[in-house]
Each structure stands twice: as structure tokens, then as C-alpha cells.
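Some notes on the structure that comes next.
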Amino acid sequence: MKTRSVYVCQECGYRSLKWLGKCPSCGAWGALVEEIERGDDTKRTEHRALEPVPLTSIAQTTVERLRSGIEEFDRVMGGGIVPGSVTVIGGDPGVGKSTLMLQLCARFAQRNPLYITGEESLEQIHYRAQRLGIEQEGILVLTEQAVEDIAATIASQAPGIVIIDSIQTMYGRQLESLSGSIGQVRYCAAQLVQVAKQTGIPIFLVGHVTKEGMLAGPKVLEHMVDVVIQFEGEGNYAYRILRAIKNRYGSTNEIGVFEMSKCGLAEVRNPSTLFLSDRATPAPGTAVTAVIEGSRALLVEIQALVMQSGYGMPQRVTTGFDYKRLQMLIAVLERRLGLDFIRCDVFVNIAGGFVLRDPGADIAVCAALVSALHNRTIAERVVAIGEVGLTGELRQVSSMDTRLNEAAKLGFSSAVVPPAVPIQSVGIELCTAYNLSEALTKLVM
Ligand code: TYD
Ligand code: MG
Numbered sequence: 035m036k037t038r039s040v041y042v043c044q045e046c047g048y049r050s051l052k053w054l055g056k057c058p059s060c061g062a063w064g065a066l067v068e069e070i071e072r073g074d075d076t077k078r079t080e081h082r083a084l085e086p087v088p089l090t091s092i093a094q095t096t097v098e099r100l101r102s103g104i105e106e107f108d109r110v111m112g113g114g115i116v117p118g119s120v121t122v123i124g125g126d127p128g129v130g131k132s133t134l135m136l137q138l139c140a141r142f143a144q145r146n147p148l149y150i151t152g153e154e155s156l157e158q159i160h161y162r163a164q165r166l167g168i169e170q171e172g173i174l175v176l177t178e179q180a181v182e183d184i185a186a187t188i189a190s191q192a193p194g195i196v197i198i199d200s201i202q203t204m205y206g207r208q209l210e211s212l213s214g215s216i217g218q219v220r221y222c223a224a225q226l227v228q229v230a231k232q233t234g235i236p237i238f239l240v241g242h243v244t245k246e247g248m249l250a251g252p253k254v255l256e257h258m259v260d261v262v263i264q265f266e267g268e269g270n271y272a273y274r275i276l277r278a279i280k281n282r283y284g285s286t287n288e289i290g291v292f293e294m295s296k297c298g299l300a301e302v303r304n305p306s307t308l309f310l311s312d313r314a315t316p317a318p319g320t321a322v323t324a325v326i327e328g329s330r331a332l333l334v335e336i337q338a339l340v341m342q343s344g345y346g347m348p349q350r351v352t353t354g355f356d357y358k359r360l361q362m363l364i365a366v367l368e369r370r371l372g373l374d375f376i377r378c379d380v381f382v383n384i385a386g387g388f389v390l391r392d393p394g395a396d397i398a399v400c401a402a403l404v405s406a407l408h409n410r411t412i413a414e415r416v417v418a419i420g421e422v423g424l425t426g427e428l429r430q431v432s433s434m435d436t437r438l439n440e441a442a443k444l445g446f447s448s449a450v451v452p453p454a455v456p457i458q459s460v461g462i463e464l465c466t467a468y469n470l471s472e473a474l475t476k477l478v479m
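Set out below in C-alpha cells:
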């Protein structure tokens, strides 16, 4: 079988034997990507009818998942690593992907994990392992970039698990383009997927998310692999969130929380404590809510600052909160409650660098705003949960009992909530509010 490389336009499918900046067919710029074309000598001419099977006749096979014992990791993976699966772990450079993967290897040391790096020297890996206190025997390390050799090595060594760090540094000899290009990334991943499926060895592909590389980053691999997890973190904060983006074997809502310390990533079993400030008594402009991340609830503190603006347009600045949602909530407060933010600058910040996406935080954001506007504190040990509608009505949000239980666990004594909360939660007093104005009377002292 002869192979040759062709350049295929990702927009219209135009094929060219050499690379072109602009596609002559559709005019798209930079859309030609190198691919390997197999010159099929024996073109099949006959067709055969295939035999579909009834869905109910398929025997259920239970796969034994490999549990690392790092609970925050296993949960995101859907309960452990599935044999023969390929997982992409994406994230910004420096977030801690290599660290997490090396710690994972340590947990599987008795299965002879193979850590292949195309980015670092063996000494650098050794140094990192020392820093992480990894002393287990059994972890194999290799520096290599040629994917064909890597595939052969995996087949001959038969390790229990393989880490490729990173997919952007790997290359296939048959392609002319540089490693890191879309063609190379896709080709190398396809080779490794094949190896994983043939051998049943789970493979992890580390993928950097780079600014221009959204293209050649984990995104282009999403459809080829079984699981895509993303490692997120703000530079200034030590905590890291591992999030499932795609999971053929589990839920994609799950998150795992870690903290980067001097000796590696530590699991954070109770993330709520991360996002609440240590202050003993409430300060004006702060309110606490409970949000849902995956199957868990997290308590989050919202901080607002309202001050008279200088000249021109008043400012609305948010960190970790949707800017448009803030504008909407301010509009509701002005229109339905007659409050005046017109000549005020408004700042909203979510403590601890958390990014709030849950509408259940609405009441708490409004409470923080009003508390800041009137310079009055919020009632102590009270959490506010619920969505605010345009008429100022309060709406129920999902998993209310999970949220209330988390609040109770952290010592909150009461919760301001929309009507019709199923009263299953224990240890927390429910204060039902029918509209925003009622909620704020209960919250702001
Ligand atoms: P790394 O795993 O190399 O990130 P990535 O592979 O995603 O690019 O780790 C990045 C940062 O983590 C690095 O700046 C140093 C820091 N770090 C610690 O704080 N503690 C540690 O024990 C280790 C190994 C790294
Ligand atoms: Mg790295």
C-alpha cells in the first residue's frame, strides 16, 4: 500500500499536493491541513450486505475500572480509568498537567506505568518526582517524539497505563508538517488511539491550550478520544479544578478540586472552605450562596462594592460573574424595588477566584449589592439560594437539598429560598421568600 501526504482544506475538502496559504476553491486562509492518503492498490468493487444485531441481544460486559485512589480524579473520570480508553487532559501551560500525570503514575506504580515526554529531559522528570516525593519502583520514563516508535514501544513493553506529554510535541514520520500542527496532532492521536484499542492499555494525551493553538489544541481531538478532561486554574490562586468536558463512560458535570502545594497537587475534599473568606462576622457587601458543580454543592461568597461614580458613564465591573447578568439584576433592583444605582459604580467579585455560572446565586448577588449600597451587613450564618426573574419573582433551582445540606454542614443556620422547597434538608431553617423584596428584607439587616 502506497502512502503520500496531501493537504486538505478543512472548510471545503479541496485537496492539494502541496501546502497553500489560501484555498483556491473556497478562499479560506490557513485551512489546508496535512493528511496521509493511502493509495489503495486493490480497490474493492464488490459490496456485501451486512448483518445488524438487535439492540437487546447485546450482552452486557462490565469493565473493571482502574481506580487511582485520588478521589477527586476518579470521580471526574466517571469512577476510574476504563481499559483501552484514550483521555485528553487539556489546560494552560503551567497549570499542573504534568504534575497530575506523574502523581497518577505513582498511584499505579505496581502496574508499570510508562511516562513518555517530548518536552522535558529525564533529569527534569526525576527532579519533579523527587519534589513530589515519588519513590515507588515500577514507573518507566522515556523521552521520545516519534509516534511510530512510541507505538512500537507500547506494544512491546505492555505497560499498565501510558502518559504522552504532550501530544503537541509528537510527530509522525510520514507527515512533512511540524509537530504541533493540526495534521500532526491529529495523526499522532489517531495512531495512539489505535494502539490503545488494540492493546487495551489506557492512554493519556496531555494537550496544551495555547492562544493561537485553540486549533491545534485539545479541541481537534475531542471527537477521536473517549474522555476529555480540562485542568483549570487562575495563576494567582493555588486551587485547580479538573473538569470533564466529554466522557463516553460517565457524566460530564463532575469536577475535582486540587490545591497546588510545594509538594504537588493535594486533593481538596471540602472545596467550600476554599471560597469562603475567613472573616468571622459578615461585612457589608458580602453574601453567601450555594452553587452546584457536578454532583456536589459549593458555598461561594459574593462581594459587591457600590460607590458614587465620577464623571461619565457609571462603571459595572465583574470578576468571576457574568457582566450581563449583573446588569440585569441591577435593572430588576431599580425597576422593581425602586433602588438607584444610576450614579454609582458597581463592582462584583467572587471570592477565591471562583467563576460563577449558576443562576441560583442571583438572590445572593442582589443581597450583596443592596447591602453594599446601604452599607448594611447581611444576617449572619444565612445563605441565599434562588434565581431572580425579570419581574422580581424568585425561582426554584436544581438540587436544592444538596445545596442546603452543604450549607448546614458548614454551620449555616438558615437559608433564604424561593417557595415550594421540598423540606428534606435537616439542620437548617428555611425562610421562604415569594419575591426579591421579601428575600432582601430577610437578608439585609
Ligand atoms: P506542571 O505540571 O509542569 O504544569 P504543566 O504540565 O501543566 O505545564 O506544573 C506547573 C507549575 O506547578 C510550575 O510552575 C511549578 C508548580 N509546581 C508546584 O507548585 N509544586 C510542585 O510540587 C510541582 C511539581 C510544580
Ligand atoms: Mg508539562
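Mapping to my numbering: the sequence shown position 417 is 451, numbers consecutive. By construction, the Cβ of each residue, glycine as well, lies at the ideal position given by its N, Cα and C atoms.
Hey, how far is the Cα of residue i from the Cα of residue j?
i      : j      : result
Val416 : Arg437 : 13 Å
Ser329 : Val382 : 27 Å
Arg99  : Gly445 : 36 Å
Asp379 : Arg350 : 6 Å
Leu371 : Val261 : 47 Å
Glu284 : Gln264 : For the record, residue 284 in the displayed sequence is Gly; it is not Glu. Distance between the alpha carbons of Gly284 and Gln264: 15 Å.
Ala143 : Leu66  : 42 Å
Pro305 : Val431 : 21 Å
Met248 : Thr286 : Bear in mind that a pLDDT of 49 at Met248, under 50, signals an unreliable position, so the model cannot answer this.
Leu212 : Lys253 : 18 Å
Thr411 : Leu308 : 22 Å
Gly194 : Thr187 : 13 Å
Thr151 : Tyr273 : 25 Å
Gly217 : Arg49  : 14 Å
Glu421 : Arg369 : 17 Å
Ala467 : Glu288 : 31 Å
Gly394 : Ile419 : 5 Å
Arg101 : Leu136 : 15 Å
Ala180 : Arg207 : 7 Å
Phe238 : Lys296 : 25 Å
Between the options, which lies nearest to residue i when the distance is taken from Cα to Cα?
i      : options                        : result
Ser119 : Leu333, Leu255, Lys231         : Lys231
Pro236 : Leu89, Arg220, Leu308, Val259  : Val259
Gly234 : Val196, Leu371, Ile279, Glu210 : Val196
Thr37  : Asp183, Glu71, Ile115          : Glu71
Gly423 : Leu390, Asn469, Asp435         : Asn469
Gln376 : Ser343, Glu440, Ala385         : The residue asked about is misnamed: residue 376 is Ile in this sequence, not Gln. Ile376 has its Cα closest to that of Ser343, out of Ser343, Glu440, Ala385.
Ile123 : Gly113, Pro117, Phe107         : Phe107
Leu226 : Gln361, Leu428, Met204, Tyr271 : Met204
Ala140 : Thr177, Ser295, Ser200, Leu299 : Leu299
Gly130 : Leu332, Val322, Leu276, Glu69  : Leu276
Met434 : Ala449, Thr320, Glu105, Glu427 : Ala449
Arg391 : Ala401, Ala331, Asp374         : Ala331
Pro293 : Pro316, Gly267, Ala278         : Residue identity differs from the one stated: residue 293 is Glu in this sequence, not Pro. Checked all of Pro316, Gly267, Ala278; the closest Cα to Glu293 is Gly267.
Leu339 : Gly387, Thr315, Cys400, Ile159 : Cys400
Tyr41  : Ser311, Glu210, His408, Ala224 : Glu210
Heavy atom of ligand 2 less than 6 Å from the Cβ of residue i, yes or no?
i      : result
Ser213 : no
Examine ligand 1 and report whether any of its heavy atoms sits within less than 6 Å of the Cβ of residue i.
i      : result
Lys131 : yes
Met294 : yes
Gly354 : no
Gly128 : yes
Gly267 : no
Arg162 : yes
Cys297 : yes
Arg220 : no
Arg165 : yes
For the beta strand (DSSP E) containing residue i, name the first residue and the last one.
i      : result
Ala401 : Where Ala401 is concerned, there is no enclosing beta strand (DSSP E), although the alpha helix (DSSP H) it sits in stretches over 396-408.
Leu299 : 298-301
Lys253 : Run containing Lys253: none; DSSP gives neither H nor E here.
Phe292 : 289-295
Arg277 : 273-281
Asn383 : 378-384
Arg350 : 350-353
Put residue i into one of helix, strand or coil per three-state DSSP.
i      : result
His160 : helix
Ser132 : helix
Cys46  : coil
Phe309 : helix
Leu51  : coil
Met248 : Any reading at Met248 is ruled out, since the residue's pLDDT is 49, under 50, leaving its predicted position unreliable.
Phe107 : helix
Ala143 : helix
Cys465 : strand
Tyr221 : helix
Met341 : strand
Leu176 : strand
Ser59  : coil
Leu363 : helix
For the alpha helix (DSSP H) that residue i lies in, which residues bound it at each end?
i      : result
Ser190 : 181-191
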